[in-house]
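Data block below; observations after.
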Amino acid sequence: MKIKYNLIKNEENTSARYGTIETNYGTYETPMFMPVGTRATVKGLSPDEIYAIKSGIILANTYHLWLRPGEDLINRAGGLHKFMNYQGPILTDSGGFQVFSLARPKDISEEGVKFKSHIDGTKLFLTPEKSIEIQNKLDSDIAMSFDECIPYPATYEYAKESVERTLRWAKRGKKVFNNPRQSLFGIVQGGEYEDLRKHCALELVKEGFDGFSIGGTSVGENKETMYKMVSYSTKYLPTDKVRYLMGVGDPIDIIEGVIRGVDIFDCVLPTRIARHANAFTKYGKINLKNSKFKEDFTPIEEDCDCYACKNFTKAYIRHLVTLDEMLGSRLLSIHNIRFLTRLTEDLRECIKNNNILEYKENFIKNYYGDKDYLKIETTGQGE
RNA sequence: GUGGAAUUGGUGAAGUGGUUAACACGCUAGAUUGUGGCUCUAGUAUGCAAGGGUUCGAUUCCCUUAUUCCACC
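So that you can map any letter, position 333 of the first sequence is 357 in the numbering used here, and since no number is skipped, the others follow by simple counting.
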């Protein structure tokens with residue numbers, strides 16, 4: 025089936041909205057956070073552990089699975105769900121982000137994108153048609169259009185040219201799309217330019233997709249710019265379709281995204297920082313390697329219901345991460361993802377109670393203390 | 001007991017009579033936003049066994065002491 029978004033309630037003071045999405049694997053509430061499982065595994069976690077985190081959809085990646093083990097192998101295994109034994113909805117990214125992270129500008133042409141395999145340097149060529157064909161075979165529940173995620177900053181001229189190409193790519197992909205149990209999303213690009221975002225959104229809507237993504241954020245721009253990019257996109261998207269802000273993120277960015285009308289988020293942050301010994305807490309990010317936790321026999325968060333917090337102390341987790349024991353990063357991944365899914369649970373309640381702005385203010389006060397979070401620049405790529 | 005060699009940070013160590021004592025590990029912090037990479041960045045000996053001497057200047061040369069190792073008795 026195609027996914028179906030049901031808008032249940034708008035928050036009174038912002039553009040935040042509470043709703044549900046019906047999928048092949050059940051109905052889930054939004055706003056929601058999707059853990060990233062690029063290579064058909066949420067790094068370190070078993071499917072049972074993913075269910076326990078109450079996340080809903082997970083995300084896998086076309087580019088990575090195309091290279092290894094290959095979409096045909098996964099197809100012969102019975103599709104992505106069977107292959108990884110995950111009985112929940114899966115969304116596949118198209119490889120568009122890898123245009124940003126792995127390809128150079130001169131590798132991008134109207135036809136598609138030249139890559140050099142990050143594994144062995146083999147020359148690869150990914151096109152919108154190929155990306156959709158791979159995703160059809162992977163049999164994910166939601167497929168993404170193949171887009172170009174442009175760097176920041178980008179000139180207006182480049183962003184305009186790129187948006188037009190991304191639109192043509194979206195149409196080309198849609199034409200060959202042929203998996204009836206899969207949904208297809210279009211991706212809004214346009215950099216920081218409102219008229220380009222608007223144009224892109226309206227054209228995608230005209231074309232007709234099952235949902236819409238907002239791409240091209242968190243690529244080195246500051247937070248204010250990112251929030252503008254989001255507003256410039258959601259503003260022009262229909263209310264009866266789901267909105268997915270790609271690659272975001274940071275707890276505060278999720279809150280700001282929800283306030284601007286976003287329903288779904290995904291981000292590598294919870295699992296990546298876990299592997300580097302960091303944990304989200306409502307009083308800010310903490311690094312479990314810090315010596316101050318050596319004899320801290322309390323959980324990461326007293327009131328967290330995750331497996332890590334219910335069973336282990338900071339001192340023990342510090343011991344594990346100091347020795348590079350894999351249980352350490354597993355426990356931190358569980359906690360960090362659960363932190364974000366609990367955050368979205370809170371935000372859903374706030375939308376019902378019309379108090380999301382107070383929640384945000386309070387969250388910022390706890391999370392950043394005296395620091396002004398808008399002044400916190402995201403560290404740019406390639407610095 | 002006799003002869004010889006050695007002694008540099010938390011560890012393994014490089015080094016030279018002359019500006020900020022190499023490097024590695026460890027340790028201490030920080031980064032991380034549609035995941036190539038348990039990765040990247042930064043800090044970490046006012047000090048070269050202790051004391052004295054030579055010298056404009058000594059971790060580097062000399063002496064004494066201490067400790068360790070090796071060989072012989």
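Glycine included, C-beta positions come from ideal geometry on N, C-alpha and C. Note that the coordinates shown come from a computational prediction; the quantities given were computed from them, not determined experimentally.
Quiz item: Can you name, in chain order, every residue of its own chain whose Cβ lies under 7 Å from the Cβ of Val200, other than the five neighbours on each side?
Solution: The residue you call residue 200 lines up with position 176 of the first sequence. Glu153, Ile156 and Glu157.
Quiz prompt | Status (buried if at least 16 other CB within 10 Å, exposed otherwise) for Glu407 | solution = By 1-based counting over the first sequence, the position of residue 407 is 383. Legend: pLDDT at Glu407 = 23, less than 50; position of this residue unreliable, value from coordinates given subsequently. Exposed, by the Cβ-count rule.
Quiz prompt | Euclidean distance between Cα positions of Ala194 and Asp370 | solution = By 1-based counting over the first sequence, the position of residue 194 is 170. By 1-based counting over the first sequence, the position of residue 370 is 346. Approximately 34 Å between the Cα atoms of the pair.
Self-check item: beta strand (DSSP E) runs wholly inside the region 72–149, at least 3 long, in chain order
Solution: 82–85, 114–117 and 137–140
Quiz item: For the beta strand (DSSP E) that Ser237 lies in, which residues bound it at each end?
Solution: Taking the first sequence and counting its residues from 1, the one referred to as residue 237 is at position 213. Element bounds for Ser237: Gly235 to Ile238.
Quiz item: Helix, strand or coil: which one does DSSP assign to Ile27?
Solution: Walking along the first sequence from the start, residue 27 turns up at place 3. Here Ile27 sits in coil by DSSP.
Quiz prompt | Range covered by the alpha helix (DSSP H) that runs through Thr47 | solution = In the first sequence, residue 47 corresponds to position 23, counting from 1. Not the alpha helix (DSSP H): Thr47 falls in the beta strand (DSSP E), residues Arg41 to Thr47.
Practice problem: Report yes if the C-beta distance between Ala167 and Leu126 is below 8 Å; otherwise report no. | Solution: Position 143 of the first sequence holds residue 167. Position 102 of the first sequence holds residue 126. No. Outside cutoff.
Quiz item: So the alpha helix (DSSP H) Val9 belongs to, where does it begin and stop?
Solution: The structure shown has nothing for residue 9, since the chain only spans 25 to 407.
Exercise. Going by DSSP, name the residue or residues bridged to Ser207.
Key: The residue given as residue 207 occupies position 183 in the first sequence. Looking at the DSSP assignment, Ser207 forms a beta bridge with Ile166.
Self-check item: Start-to-end residues for the beta strand (DSSP E) that takes in Glu53
Solution: Your numbering for residue 53 matches position 29 in the first sequence. Gly50 to Thr54 is the extent of the beta strand (DSSP E) around Glu53.
Quiz item: Just the Cα atoms here: how many angstroms apart are Glu227 and Leu191?
Solution: Within the first sequence, numbered from 1, the residue matching residue 227 stands at position 203. Within the first sequence, numbered from 1, the residue matching residue 191 stands at position 167. Cα to Cα, Glu227 sits roughly 7 Å from Leu191.
Quiz item: CA-CA distance, Leu104 and Arg92?
Solution: Numbered from 1 along the first sequence, position 80 holds the residue referred to as residue 104. Numbered from 1 along the first sequence, position 68 holds the residue referred to as residue 92. Distance between the alpha carbons of Leu104 and Arg92: 13 Å.
Quiz prompt | Beta-carbon contacts of Thr403 that lie in its chain and below 6 Å, excluding the five residues immediately before and after | solution = Position 379 of the first sequence, counting from 1, holds the residue named residue 403. With a pLDDT of only 35 at Thr403, under the threshold of 50, the placement of this residue in the model should not be trusted; the figure read from the coordinates follows. Counting only Cβ-Cβ distances below 6 Å, and skipping sequence neighbours, we find nothing.
Quiz item: For Met250 versus Asp277, is the C-beta distance shorter than 8 Å?
Solution: Looking up residue 250 in the first sequence gives position 226. Looking up residue 277 in the first sequence gives position 253. In this structure, Asp277 lies closer than 8 Å to Met250 by Cβ.
Quiz prompt | Residue interval of the alpha helix (DSSP H) (run including Ile341) | solution = Counted from its first residue, the first sequence places residue 341 at position 317. Its alpha helix (DSSP H) spans residues Lys338 to Thr346.
Quiz item: By how many angstroms is the C-alpha of Phe321 removed from the C-alpha of Asp165?
Solution: Residue numbering aside, residue 165 sits at position 141 when the first sequence is read from its first letter. Residue numbering aside, residue 321 sits at position 297 when the first sequence is read from its first letter. If I take the Cα positions, the gap works out to 42 Å.
Quiz prompt | In DSSP terms, what Ala332 is bridged to | solution = Mapped onto the first sequence, residue 332 falls at position 308. Per DSSP, none; premise fails for Ala332.
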